[in-house]
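Student: Those protein sequences? They're chains Y and Z, same order as listed.
When the letters of the first sequence are read in order and numbered with the working numbering, they come out as residues 92 to 207.
When the letters of the second sequence are read in order and numbered with the working numbering, they come out as residues 18 to 128.
Just passing along the structure, written as structure tokens.
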Amino acid sequence: KAGVTQTPRYLIKTRGQQVTLSCSPISGHRSVSWYQQTPGQGLQFLFEYFSETQRNKGNFPGRFSGRQFSNSRSEMNVSTLELGDSALYLCASSSPASGTSTDTQYFGPGTRLTVL
Amino acid sequence: DQQVKQNSPSLSVQEGRISILNCDYTNSMFDYFLWYKKYPAEGPTFLISISSIKDKNEDGRFTVFLNKSAKHLSLHIVPSQPGDSAVYFCAAGWGNYQLIWGAGTKLIIKP
Chain Y
92 KAGVTQTPRY LIKTRGQQVT LSCSPISGHR SVSWYQQTPG QGLQFLFEYF
142 SETQRNKGNF PGRFSGRQFS NSRSEMNVST LELGDSALYL CASSSPASGT
192 STDTQYFGPG TRLTVL
Chain Z
18 DQQVKQNSPS LSVQEGRISI LNCDYTNSMF DYFLWYKKYP AEGPTFLISI
68 SSIKDKNEDG RFTVFLNKSA KHLSLHIVPS QPGDSAVYFC AAGWGNYQLI
118 WGAGTKLIIK P
């Protein structure tokens, strides 16, 4: 079974630009969560989608948005990039059972975004 | 407000000895706790979990202990091996709410 894939793996943008990151979950998984990882801050939760609906949202500004398609693939978009948005963005999918916090999350390798 | 704290950014342990990674939490609603391991250039992978109805869960060399009264959990790795060198994250959750993650502890196993 293929794991979670994220594209692109690396991205360099300049301030003010926007970016779209893509995540393909494990086949059959309906829940997709996005995280931002920065040194010393651990994983900061961005949002979670379940069956095309945003179910949970973290404390990030509106510049961060996402969506999920009917095939469970998900995208996240960051508009008006700032230097502080430089981070590793991780996507995780979980089993289709209930989508609760007890479901094991399977992570992709992440997209390393650098904002210059 | 950090609900899940890993106060040690890094830990160095001799190969073959015990590694103990600690995690503290503040939200008494948490009823499920997990540990993930992360190697560079890879996403975190699930290691072991424990629910609040237990105080210990063991899986091979890995044991997680939960002290609910102290709101503290720890991960023990015995014996530590070079391949255990990684960043370890603890996470906590309850219900349909998203997991809350700690900042991670970088474990270095010295030969």
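Glycine residues also receive a C-beta, built at the ideal position from the N, C-alpha and C atoms.
Note that the structure is a prediction, hence the values are computed from the model and not measured.
(1) Buried or exposed for Lys73 of chain Z, please, with buried defined as at least 16 other CB atoms from any protein chain shown within 10 angstroms of its CB.
(2) Mind listing which residues of the stretch 84-107 of chain Z have their C-beta closer than 7 Å to chain Y's C-betas, in chain order?
(3) Mind listing the chain Z neighbours of Thr195 of chain Y? Cutoff is C-beta to C-beta under 9 Å, in chain order.
(4) Below 7 Å CB to CB, which residues in the same chain sit around Pro99 of chain Y once its five sequence neighbours on both sides are set aside?
(5) Val206 of chain Y: buried (16+ other C-beta within 10 angstroms of its C-beta) or exposed?
(6) I'd like the ranges of any beta strand (DSSP E) spanning at least 3 consecutive residues and lying wholly in the stretch 147-178 of chain Y.
(7) Give the secondary structure of Gly121 of chain Z by DSSP, where H, G and I count as helix, E and B as strand, and everything else as coil.
(8) Tell me, please, whether the stretch 140-158 of chain Y touches the stretch 31-50 of chain Z by the rule of three or more beta-carbon pairs shorter than 8 Å.
(9) Measuring alpha carbon to alpha carbon, tell me which residue in Y:Gln132, Y:Tyr126, Y:Ser115 and Y:Leu172 is nearest Ile103 of chain Y.
(10) Alpha carbon to alpha carbon, how far is Tyr42 of chain Z from Gln20 of chain Z? Give it in angstroms, no decimals.
(11) Which of the three DSSP states, helix, strand or coil, is assigned to Gly100 of chain Z?
(12) Let's test the definition: count the other Cβ atoms within 10 Å of the Cβ of Ile117 of chain Y and tell me whether it reaches 16, buried, or not, exposed.
(13) Is the stretch 124-137 of chain Y touching the stretch 75-93 of chain Z in the sense that three or more CB pairs, one from each, lie closer than 8 Å?
(14) Quick one, are the C-beta atoms of Asn168 of chain Y and Ser156 of chain Y less than 7 Å apart?
(15) Please work out which residues of its chain come closer than 8 Å, Cβ to Cβ, to Tyr49 of chain Z, disregarding the five sequence neighbours upstream and downstream, and give them in chain order.
(16) Go through its chain and collect everything with a Cβ distance to His120 of chain Y's Cβ below 7 Å, but skip five positions before and after it.
(17) Kindly indicate which three-state DSSP category Gln108 of chain Y falls into: helix, strand or coil?
(18) My understanding is that Lys127 of chain Z touches Val30 of chain Z, with C-beta atoms under 8 Å, so please give their C-beta distance in whole angstroms.
(19) Any idea if Asp76 of chain Z is buried or exposed, counting beta-carbon neighbours within 10 angstroms, 16 or more meaning buried?
(20) According to DSSP, simplified to helix, strand and coil, what is Lys127 of chain Z?
(21) Rounded to the nearest angstrom, what separates Ile125 of chain Z and Ser161 of chain Y at their Cα positions?
(22) Skipping 5 residues on each side, what residues in its chain have a beta carbon closer than 6 Å to that of Ala93 of chain Y?
Tutor: Taking the structure as given:
(1) exposed
(2) Phe106
(3) Leu51, Phe63 and Ser66
(4) Thr202
(5) buried
(6) 155-159 and 165-169
(7) coil
(8) no
(9) Y:Leu172
(10) 5 Å
(11) helix
(12) It is buried - the Cβ of Ile117 of chain Y has at least 16 other Cβ atoms within 10 Å.
(13) no
(14) yes
(15) Ser66, Ile67, Ser68, Ser69, Ala109, Gly110 and Trp111
(16) So the qualifying residues of the chain are Ser163, Ser184, Ser185, Ser186 and Pro187.
(17) coil
(18) Between the beta-carbon of Lys127 of chain Z and that of Val30 of chain Z there is about 7 Å, and that keeps the pair under the 8 Å contact cut.
(19) exposed
(20) strand
(21) 42 Å
(22) none
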